[in-house]
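Chains as they are written, first to last, in my numbering: chain G, 1 to 117; chain S, 118 to 275. Cβ coordinates follow ideal geometry from the N, Cα and C atoms, glycine included. Below is one structure, written out as structure tokens; comments come after it.
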Amino acid sequence: MATVASDRWPLICWLLFAAGLLFQLFSPRLKISNGAFVIPPEMAAGKNAIRLDEIVARQRRLQLLSVLLTLSGAFGLAFLYRDTLIGEPRDEVADRPRNQLAPIPREVSTQAQREKP
Amino acid sequence: MKAITKRIQKFSRPGVILLATVVAIITSVVVANATQSITAPNAAFISYNLAPGANSAAITPAANKSVLVMGCSTANDPGVGQVSLLRYPSTLIQWVGLESYYSQEPITQGRSGIAGTHIVYIDYAHWVDIRMASADTILIHNNPVSASTLAGNVTLIW
Chain G
1 MATVASDRWP
11 LICWLLFAAG
21 LLFQLFSPRL
31 KISNGAFVIP
41 PEMAAGKNAI
51 RLDEIVARQR
61 RLQLLSVLLT
71 LSGAFGLAFL
81 YRDTLIGEPR
91 DEVADRPRNQ
101 LAPIPREVST
111 QAQREKP
Chain S
118 MKAITKRIQK
128 FSRPGVILLA
138 TVVAIITSVV
148 VANATQSITA
158 PNAAFISYNL
168 APGANSAAIT
178 PAANKSVLVM
188 GCSTANDPGV
198 GQVSLLRYPS
208 TLIQWVGLES
218 YYSQEPITQG
228 RSGIAGTHIV
238 YIDYAHWVDI
248 RMASADTILI
258 HNNPVSASTL
268 AGNVTLIW
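What follows is the structure, encoded as structure tokens:
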């Protein structure tokens, strides 16, 4: 049961990462220039009233949601595949016969022994 | 899922590093975009290009906050003006500021909830002004007598 649950984590992480990307790609995004949100000319020339504070607040909410999803997905993936990323997979080590495991190196003193006079 | 995990683990090491790099780059781009949006000040930049007699879309300033509105006309008729305003929701807008250059009375001030009330001129010839569009909104207007299309921009900071 625990294996089934742990098997779902990679899928969940990929889904979180993809959801963050989708939010980033498909949310309406205002260009920022010289520290100000630039309202598109077609919006400024339109008939509907422009609610600046709501537009800016919505963009910030969506960007925050997007970054939280993407970061949690990316960190989750990095954690799940840490063995593959930084070394050999744990399964391979576990599957290897005992007699093939590398012997534990003995501690070797690197300090030169003083010669007796 | 186990199969996918195994397959990823059996990728060649350069392949895994490449995939991880792609994920890291995409994540960095998302973080950079979000940081820019979240840390940008509450300011909006609106460009206008108005034929004689035309209006921009109505703009709703933030409610119950002081909002600095500064605007300029850049082509043909350059000028600049500014006001600080306060919007009482559904009631009126109150403002005080400076008309564009060459005004007999450089200070502009008032409070109104009536559409069409002048707020501030933002060009030299006093053809382009910011005025009330309703009790909650303002707009940019080019006077019909200007006889030319005038362009510029307005920045709101709140």
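Counting only Cβ pairs nearer than 9 Å, list the residues of chain G close to residue 178 of chain S. Here residue 178 of chain S refers to the residue found at position 61 of the second sequence. For residue 178 of chain S, the residues of chain G that pass the 9 Å Cβ criterion are 52, 53, in the order they occur in the chain.
is_contact[residue 12 of chain G, chain S] using C-beta, thresh 7 Å: For the purposes of this step, residue 12 of chain G is identified with residue 12 of the first sequence, where counting begins at 1. False, the Cβ-Cβ gap to chain S never drops below 7 Å.
So, does the segment 155-163 of chain S touch the segment 230-247 of chain S, judging by three or more C-beta pairs under 8 Å? Three or more beta-carbon pairs separated by less than 8 Å are not found between the segment 155-163 of chain S and the segment 230-247 of chain S, which leaves the two stretches without contact.
Own chain, CB closer than 7 Å to residue 219 of chain S, minus 5 neighbours either side, in chain order: Your numbering for residue 219 of chain S matches position 102 in the second sequence. Answer for residue 219 of chain S: 241, listed in chain order.
Distance check for residue 54 of chain G and residue 22 of chain G, CA to CA, integer angstroms please. The residue given as residue 22 of chain G occupies position 22 in the first sequence. The residue given as residue 54 of chain G occupies position 54 in the first sequence. Spanning the two alpha carbons is a distance of roughly 22 Å.
Can you tell me which of the three DSSP states residue 185 of chain S falls into? Against the second sequence, residue 185 of chain S aligns to sequence position 68. Strand.
Can you find a CB in chain S that lies within less than 7 Å of the CB of residue 119 of chain G? Residue 119 of chain G falls outside the range modelled here, since chain G spans only 1 to 117, and no answer is possible.
Give a yes or no on whether the C-beta atoms belonging to residue 26 of chain G and residue 73 of chain G are separated by under 7 Å. What you label residue 26 of chain G is simply residue 26 of the first sequence in a count that begins at 1. What you label residue 73 of chain G is simply residue 73 of the first sequence in a count that begins at 1. For residue 26 of chain G and residue 73 of chain G, no; Cβs fall outside 7 Å.
Can the beta-carbon of residue 173 of chain S be found less than 7 Å from the beta-carbon of residue 257 of chain S? Along the second sequence, read from residue 1 onward, the residue named residue 173 of chain S stands at position 56. Along the second sequence, read from residue 1 onward, the residue named residue 257 of chain S stands at position 140. A contact, by the Cβ cut-off of 7 Å.
In angstroms with no decimal places, state the Cα-to-Cα distance between residue 175 of chain S and residue 44 of chain G. Within the second sequence, residue 175 of chain S is the residue found at index 58, counting from 1. Within the first sequence, residue 44 of chain G is the residue found at index 44, counting from 1. Rounded to whole angstroms, the separation of the alpha carbons of residue 44 of chain G and residue 175 of chain S is 8 Å.
Can you give me the start and stop residues for the beta strand (DSSP E) that residue 166 of chain S sits inside? Looking up residue 166 of chain S in the second sequence gives position 49. Residues 160-167.
With a threshold of 7 Å between beta carbons, is residue 93 of chain G in contact with chain S? By one-based count along the first sequence, residue 93 of chain G stands at place 93. In this prediction, residue 93 of chain G has a pLDDT of 49, which is less than 50 and means its spatial position is unreliable; nothing more can be read from the coordinates.
Would you kindly check if the distance between the Cβ of residue 268 of chain S and the Cβ of residue 150 of chain S is under 7 Å? The residue you call residue 150 of chain S lines up with position 33 of the second sequence. The residue you call residue 268 of chain S lines up with position 151 of the second sequence. In this structure, residue 268 of chain S does not lie closer than 7 Å to residue 150 of chain S by Cβ.
Name, going along the chain, the residues of the segment 184-206 of chain S whose beta-carbon falls closer than 8 Å to a beta-carbon of chain G. none
Does any residue of chain S have a CB that is nearer than 7 Å to the CB of residue 16 of chain G? Along the first sequence, read from residue 1 onward, the residue named residue 16 of chain G stands at position 16. Not closer than 7 Å to any Cβ of chain S, the Cβ of residue 16 of chain G fails to qualify, so no.
Using a C-beta cutoff of 7 Å, does residue 147 of chain S count as contacting chain G? In the second sequence, counting from the first residue as 1, residue 147 of chain S sits at position 30. By this cut-off, residue 147 of chain S is an interface position.
Report the rounded CA-to-CA distance for residue 186 of chain S versus residue 67 of chain G, giving the unit in angstroms. Mapped onto the second sequence, residue 186 of chain S falls at position 69. Mapped onto the first sequence, residue 67 of chain G falls at position 67. Their Cα atoms are separated by approximately 32 Å.
Give, in chain order, every residue of the segment 164-175 of chain S whose Cβ lies closer than 9 Å to some Cβ of chain G. 164, 165, 166, 167, 171, 173, 174, 175
Would you please state the rounded distance, in angstroms, between the beta carbons of residue 28 of chain G and residue 164 of chain S? I believe it to be under 8 Å. Within the first sequence, residue 28 of chain G is the residue found at index 28, counting from 1. Within the second sequence, residue 164 of chain S is the residue found at index 47, counting from 1. With a contact defined as Cβ atoms closer than 8 Å, residue 28 of chain G and residue 164 of chain S miss out at about 18 Å.
Identify the continuous beta strand (DSSP E) that holds residue 76 of chain G and give its terminal residues. Numbered from 1 along the first sequence, position 76 holds the residue referred to as residue 76 of chain G. Not the beta strand (DSSP E): residue 76 of chain G falls in the alpha helix (DSSP H), residues 52-80.
Tell me, please, which residues DSSP counts as bridged to residue 87 of chain S. Since the displayed chain S opens at 118 and closes at 275, residue 87 of chain S lies outside it and no answer follows.
Quick check on residue 87 of chain G - is its C-beta less than 7 Å from some C-beta in chain S? Counted from its first residue, the first sequence places residue 87 of chain G at position 87. It does not: the Cβ of residue 87 of chain G has no partner Cβ on chain S nearer than 7 Å.
My understanding is that residue 51 of chain G touches residue 177 of chain S, with C-beta atoms under 8 Å, so please give their C-beta distance in whole angstroms. The residue labelled residue 51 of chain G in the question sits at position 51 within the first sequence. The residue labelled residue 177 of chain S in the question sits at position 60 within the second sequence. The pair is a contact, with the Cβ atoms about 5 Å apart (cut-off 8 Å).
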